[in-house]
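These notes concern the structure reproduced below.
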Amino acid sequence: MGRNKFFRIAETHFNQLCAKAGLSCNQSNEDERGWDFFVQAEPEASPHVPLDLQRKGNAFFVQVKSTKKLSRVRLKLATALEMAKEPLPFFIILYELNSENEPVSVRFLHFWHDEIEITLREARSATGKKDRDIYITL
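Its first residue numbered 694, the sequence shown is counted upward by one per residue in our numbering.
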């Protein structure tokens, strides 16, 4: 099985999970900014609040990764910087697939305080280097 099909299994599964949860799940056509999906939830109706003052639904970005054995997440520094600078929440979903390429476990990583700190520290120490050649592990 080709590498792209291996990754598509996890992405398809994630898309199905979003559909089952009633989330709007929009896949990236150009995977150049670190996200595979932009996910939106329907806003909660507030009948006693004027429409213009009602809150919008939650939204977040997701990068889906798949592996044969769960381990730590390895990212390009440039991708991690995109995640760190994004004002919306960012999640990394890591799928472990068995020998039949079926998901056997899923790990959700909220790219938040610790991950942002690691990314910014690595970026500062990599100043002057070509960041496309640098990877970090979370």
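C-beta atoms are modelled at their ideal positions from N, C-alpha and C, and glycine is treated no differently. Being a predicted model, the structure only gives us computed values, none of them experimental.
A straight line joining the alpha-carbon of K749 with that of D826 spans about 39 Å. A straight-line Cα-Cα distance of about 43 Å links L768 and V742. In summary, L787 is buried, with 16 or more beta-carbon neighbours lying within 10 Å of its beta-carbon over all protein chains present.
Rounded to the nearest whole angstrom, the CA to CA distance from T772 to N719 is 19 Å. For I785, the enclosing beta strand (DSSP E) starts and ends at F783 to L790. In the DSSP assignment, K778 falls within the unbroken alpha helix (DSSP H) covering L770 to K778. By the C-beta density criterion, V757 is buried, having at least 16 other C-beta atoms within 10 angstroms. Contact check for L831 and E808: beta-carbon distance about 5 Å, within the 8 Å limit, so the pair qualifies.
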